[in-house]
Amino acid sequence: MIGFIAKRLVNYLILTVIATLAGYALVSTTLQPAARFMGKNPPVPQSSIDAALDKIGANPDVSLLQRTMDWLVQLVTTGSLGISARGTQVTADIFDRAGTSLRLLIIGSILGAIFGILLGVWGAIRQYRASDQIITYASFTVLATPIFVIAVVLMIGATWLNNAAGQQLINFTGEYSVGVTGFWPVIGDRLTHLLLPTIALTVTAAASYSRYQRSAMLDVLSSDFIRTARAKGRTRGSAIMRHGVRVALIPMSTFFAYSFGTILTGAAVTEKIFSWHGMGEYLIDSVSNNDINAATGSILFAAILVLIAGTLADVLYAALDPRVRM
404 MIGFIAKRLV NYLILTVIAT LAGYALVSTT LQPAARFMGK NPPVPQSSID AALDKIGANP
464 DVSLLQRTMD WLVQLVTTGS LGISARGTQV TADIFDRAGT SLRLLIIGSI LGAIFGILLG
524 VWGAIRQYRA SDQIITYASF TVLATPIFVI AVVLMIGATW LNNAAGQQLI NFTGEYSVGV
584 TGFWPVIGDR LTHLLLPTIA LTVTAAASYS RYQRSAMLDV LSSDFIRTAR AKGRTRGSAI
644 MRHGVRVALI PMSTFFAYSF GTILTGAAVT EKIFSWHGMG EYLIDSVSNN DINAATGSIL
704 FAAILVLIAG TLADVLYAAL DPRVRM
């Protein structure tokens, strides 16, 4: 088991390095850091522009291969991801913002996976019945609705609830309220800020996971091992929960892992709407500011998320199916 996990971890590390270097090359060829100096009045001298680009390692007069090697050597020797367009260390920016994003991503992903699995299993067991139809239509409606629309609907609902209660029960901007002190008041304040963005991520994740889980369950419901379990005296519910769900979760574990990294894209919009200053917002700002080092740092952050989630998925996969450990 340890050897299996170690082998997979090494593979993920290699893929993370390749993805990050490819990301650096991609943003270096598409983003234009010099554009933020254009149109200034008075005009910025070319020597000042070159000096600023040299400082962040983005001078187009230097070959892309050389810039990539310089960036990689700097990362390996000093642990620095370079300087952002705002003059801050990208590594420090990521450490400041990672916790904000992880609170949203981890809670939203776990809740989304739990609800998605439950809804998918329930829909498959009760295929074509009213509850299955309701789950199907609700899931497709959520999947067809942009996440910013879901966020706005949640804000409208929270505003109505606050007005009906006559006090601020739910906050929907920022991570916390200024001036709140004390352990439990701070915890309560954080939770009221966390509620809406978490619901937005959970709803979209659950809608997607439920569709895949329902299909995976339908594949195993008619399997021989389910009939064998029933023939041995197990009830239908016991056979499904003990054998069917376990088998159906095996392909889902991989899907969960790789969707965890891509959910950062959805979190980016959610963070912007709810004014959370996390890595999703950092990614959007870095691209809009033509910030090569910040964009590459965001790509590395997403790649590390996939690495961690992929390793956890492999552990789950091995626990569910002992054949992969052989």
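In this note's numbering, the protein residues as written are 404 to 729.
A virtual CB, placed ideally from N, CA and C, is assigned to each residue, including glycine.
Taking C-beta to C-beta, are residue i and residue j nearer than 7 Å?
i: Leu715; j: Arg649; result: no
i: Ala455; j: Asp694; result: no
i: Gly502; j: Val493; result: no
i: Tyr579; j: Asp592; result: yes
i: Ile676; j: Ala561; result: no
i: Ala671; j: Leu686; result: yes
i: Asp717; j: Arg506; result: no
i: Ala516; j: Phe658; result: no
i: Ile510; j: Thr601; result: yes
i: Ile537; j: Gly526; result: no
i: Ala355; j: Val709; result: Limits of the chain in this structure are 404 at one end and 729 at the other, which puts residue 355 out of reach.
i: Ile629; j: Gly647; result: yes
i: Gly577; j: Ser678; result: yes
i: Phe575; j: Leu597; result: no
i: Gly426; j: Ile702; result: yes
i: Ser656; j: Leu719; result: yes
i: Gly523; j: Arg617; result: yes
Mapping the DSSP letters down to three states, classify residue i as helix, strand or coil.
i: Ile486; result: strand
i: Asn492; result: Here the sequence assigns Gln to residue 492, which means Asn is not the residue at that position. Strand.
i: Glu578; result: coil
i: Lys443; result: coil
i: Lys635; result: coil
i: Leu572; result: coil
i: Ala617; result: The question names Ala, but residue 617 in the sequence shown is Arg. Here Arg617 sits in helix by DSSP.
i: Tyr540; result: helix
i: Thr601; result: helix
i: Arg532; result: coil
i: Gly683; result: helix
i: Asn462; result: coil
i: Gly591; result: helix
i: Ser691; result: helix
i: Pro436; result: helix
i: Thr419; result: helix
i: Thr584; result: coil
i: Ser625; result: coil
i: Ser450; result: helix
i: Thr503; result: helix
i: Pro654; result: helix
i: Ser641; result: helix
i: Thr548; result: coil
i: Ser678; result: coil
Which whole-angstrom value is the C-beta distance of residue i and residue j, which I expect to be below 8 Å?
i: Ala409; j: Ala706; result: Actually they do not touch by this definition, with Cβ atoms about 19 Å apart.
i: Gly713; j: Tyr415; result: 5 Å
i: Val545; j: Val606; result: 6 Å
i: Asn565; j: Ile573; result: 6 Å
i: Ala651; j: Ala619; result: 4 Å
i: Leu604; j: Thr673; result: 6 Å
i: Ser534; j: Ala610; result: That pair is no contact at about 15 Å.
i: Gly700; j: Ile497; result: 5 Å
i: Leu467; j: Ala428; result: 6 Å
i: Ala437; j: Ile452; result: 6 Å
i: Ser504; j: Arg470; result: Contact doesn't hold; Cβ gap of about 27 Å is too wide.
i: Phe407; j: Ala721; result: 6 Å
i: Val589; j: Val583; result: 6 Å
i: Ile643; j: Ile528; result: 6 Å
Just to confirm the assignment, what range does the alpha helix (DSSP H) spanning residue i have?
i: Asn696; result: 695-723
i: Trp474; result: 467-481
Subject >> Inter-stretch contact at 8 Å, needing at least 3 Cβ pairs: the stretch 607-626 / the stretch 682-696 >> reply: no
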